[in-house]
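*Asks:* Please see the structure below; I have some questions.
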Amino acid sequence: MTTEVIVIGGGVVGLSAALAAQARGLHVRVIDREGPAAGASAGNAGAFAFTDIFPLASPKIIRKAPKWLLDPLGPLSVPPAYALKIAPWMLRFWRASWPAKVRASTFAQTAMMSYSKAALEPALERDELLGMLRRDGQLEVYEGEAAFRDALPGWQARAQQGIEFNHLTSPAEIAEIQPGLDRRFTHATFTPGWYSISDPKDYTLALAERFRAKGGEILIAEATALTDDGVETTAGRLKGRVVLAAGAFSHLLARTQGVKIPLETERGYNTTLPADAFDLRTQITFGGHGFVVTTMNSGIRVGGAVELGGLKLPPNFKRAEAMLTKAKMFLPDLKTSGGKQWMGFRPSLPDSLPAIGPLPGHPNTLCAFGHGHLGLTQSAGTGKIIADLLTGLNPGIDLAPFSPARF
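Numbering (UniProt numbering), first residue to last: 1 to 407.
Shown next as structure tokens:
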């Protein structure tokens with residue numbers, strides 16, 4: 001067993017894997033072209049969404065997709081300039097929405113969520129970062145009884161998995177948890193055990209700091225090609241076991257070994273407002289509109305939505321503005337001035353499951369990418385799996401649904 005490990009990617013997944021491998025006595029180097037916390041790990045909602053067990057591809061989403069896709073600023077959109085290129089991925093996405101495949105994906109995702117939740121606190125304790133974890137709940141709100149009833153089957157499925165929540169059936173009940181919501185939201189579901197992090201960028205930078213403090217090296221360079229015994233970089237060739245955790249860019253490196261993985265980019269948008277923009281007491285999820293409002297050390301963040309637009313098109317910040325406009329409608333006291341906009345790339349596979357395990361035909365490289373909007377949520381679990389695979393241990397979870405060879 002080689003003790004030299006190269007992790008490609010300085011985001012939350014890559015650094016979690018690096019720290020977990022380092023804790024097993026392996027010599028680990030992290031390589032990233034921009035440095036730690038430069039991508040999606042910096043701008044997400046900071047949530048450990050362990051209740052999010054359902055794939056994005058589902059019959060319900062397929063029914064809603066035509067309406068959403070016609071709205072360029074809606075919860076799900078494809079820029080016209082990218083429509084032809086993404087067509088093969090959309091076909092896979094449609095196939096992943098078939099009921100039998102949804103059941104299989106949900107079963108696998110549920111297992112991964114349970115595994116990742118169990119791995120989180122031990123990892124935070126190991127890295128002395130438990131103080132950054134918050135348990136302030138999450139409130140998902142519904143406009144009317146029909147929308148609430150439409151969501152009930154999903155909550156019933158979560159209940160079967162032991163997830164605790166409380167249904168609220170009046171604006172008055174909702175206001176006891178979160179005052180200031182427009183009264184159009186007549187029903188809600190509160191998840192008291194919801195975890196979040198005080199700031200995802202600060203958290204990822206703290207992981208990097210811990211990694212360095214324990215003897216790890218972070219190399220600012222670009223990985224240009226995988227090899228059978230390491231990786232080619234702009235700083236020279238590195239030899240060792242490789243962990244491919246480059247987020248939305250991972251498939252480009254896999255392709256250098258002749259492996260095609262259908263990874264696409266969910267471009268997410270947000271606006272971070274000053275801390276006094278609203279008296280926010282818990283994360284609010286506006287599921288019917290595809291965005292959340294959450295509190296950070298740096299302020300109030302309004303963000304979400306899915307734009308399947310690849311890596312090269314310029315940002316369309318009208319999407320961030322549209323979410324902010326809706327947030328003002330839903331939270332009338334929200335102060336919307338002084339915000340900072342952001343766009344980032346979420347790495348998305350058609351079945352909403354990450355790719356974890358050996359790169360097909362190239363066992364020297366382990367994949368750890370494709371988590372969609374669940375990278376932070378599943379980072380500790382993914383890190384533990386990778387460390388187990390590197391040291392020849394059984395991770396204790398069925399990895400077949402996550403195999404990079406499944407496509």
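Backbone N, C-alpha and C fix where the C-beta goes; we use that ideal spot for every residue, glycine too.
(1) What do you reckon, are the CB atoms on Ala123 and Ser196 nearer than 8 angstroms?
(2) Using the beta-carbon count (16 or more within 10 Å), is Asp32 buried or exposed?
(3) Could you name the residues of the same chain whose beta carbon sits closer than 7 angstroms to that of Asn270, not counting the 5 residues immediately before and after it, in chain order?
(4) Using 8 angstroms for Cβ pairs, my map puts Thr282 next to Gln138. What's the rounded Cβ distance?
(5) Would a C-beta distance cut-off of 8 angstroms place Ala206 and Leu129 closer than the cut-off?
(6) Secondary structure at Pro200, three-state DSSP: helix, strand or coil?
(7) Would you list, in sequence order, the uninterrupted beta strand (DSSP E) runs of no fewer than 3 residues that lie entirely inside the stretch 160–206?
(8) Between Trp68 and the rest of its own chain, which residues show a CB-CB distance below 6 angstroms, the 5 nearest in sequence each way excluded?
(9) Rounded to a whole number of angstroms, what is the C-alpha to C-alpha distance between Lys384 and Asn394?
(10) Would you tell me roughly how many angstroms separate the C-alpha atoms of Leu308 and Ile86, rounded to the nearest one?
(11) For the stretch 141–151 against the stretch 237–251, do three or more pairs of beta-carbon atoms, one drawn from each stretch, fall closer than 8 angstroms, so that the two count as touching?
(12) Helix, strand or coil for Leu238 per DSSP?
(13) For His371 versus Pro347, is the C-beta distance shorter than 8 angstroms?
(14) Please name the residue, chosen from Thr224, Gly236, Asp136, Glu217, that lies closest to Thr191 on a Cα-to-Cα basis.
(15) Which complete alpha helix (DSSP H) runs does the stretch 49–117 hold, if anything under 4 residues is left out?
(16) According to DSSP, what are the bridge partners of Phe317?
(17) Restricting to Cα atoms, I'd like to know which of Thr51, Lys101, Ile397, Gly288 is closest to Phe185.
(18) Between the stretch 22–39 and the stretch 258–269, do at least 3 Cβ pairs fall closer than 8 angstroms?
(19) I want to know whether the stretch 199–217 touches the stretch 230–242 - three or more CB-CB distances under 8 angstroms.
(20) For the 8 angstroms Cβ check, are there 3 or more pairs between the stretch 40–58 and the stretch 101–114?
(21) My output table needs one value for Gln138: the three-state DSSP class, helix, strand or coil.
(22) Taking the alpha carbon of Pro59 as the point to measure from, which residue in Pro72, Arg95, Val78, Arg24 has its own alpha carbon closest?
(23) Expressed to the nearest angstrom, what Euclidean distance is found between the alpha-carbon atoms of Val306 and Ala208?
(24) The beta strand (DSSP E) with Glu359 in it runs from where to where?
(25) Roughly how many angstroms lie between the CA atoms of Gly39 and Met132, to the nearest whole one?
(26) Can you grab the Cα-Cα spacing for the pair Ala108 / Glu173, in whole Å?
(27) Please state whether DSSP places Gly247 in a helix, a strand or coil.
*Replies:* Let me spell this out:
(1) no
(2) It is buried - the Cβ of Asp32 has at least 16 other Cβ atoms within 10 Å.
(3) Gly43, Arg301, Val302, Gly303, Ala320, Trp342
(4) Rounded, the Cβ-Cβ distance is 6 angstroms, consistent with contact.
(5) yes
(6) helix
(7) 166–168, 187–191, 195–197
(8) For Trp68, same chain residues with a beta-carbon under 6 angstroms away, outside a window of 5 residues either side, are Gly74, Pro75, Leu76 in chain order.
(9) Taking the straight line from one Cα to the other gives about 10 angstroms.
(10) 8 angstroms
(11) no
(12) Note: Leu238 maps to strand in three-state DSSP.
(13) yes
(14) Asp136
(15) Within the stretch 49–117, the complete alpha helix (DSSP H) runs of at least 4 residues are 59–70, 83–96.
(16) Phe317 is not bridged to any residue.
(17) Gly288
(18) Contact fails: fewer than three Cβ-Cβ distances are below 8 angstroms.
(19) In short, these stretches do not touch, since the Cβ pair count stays below three.
(20) Flag = yes, the stretch 40–58 and the stretch 101–114 touch.
(21) strand
(22) It is Arg95.
(23) Val306 and Ala208: Cα-Cα distance of roughly 28 angstroms.
(24) Going by the sequence as given, residue 359 is Leu instead of Glu. Run containing Leu359: 355–359, per the beta strand (DSSP E) assignment.
(25) 20 angstroms
(26) Ala108 and Glu173: Cα-Cα distance of roughly 34 angstroms.
(27) helix
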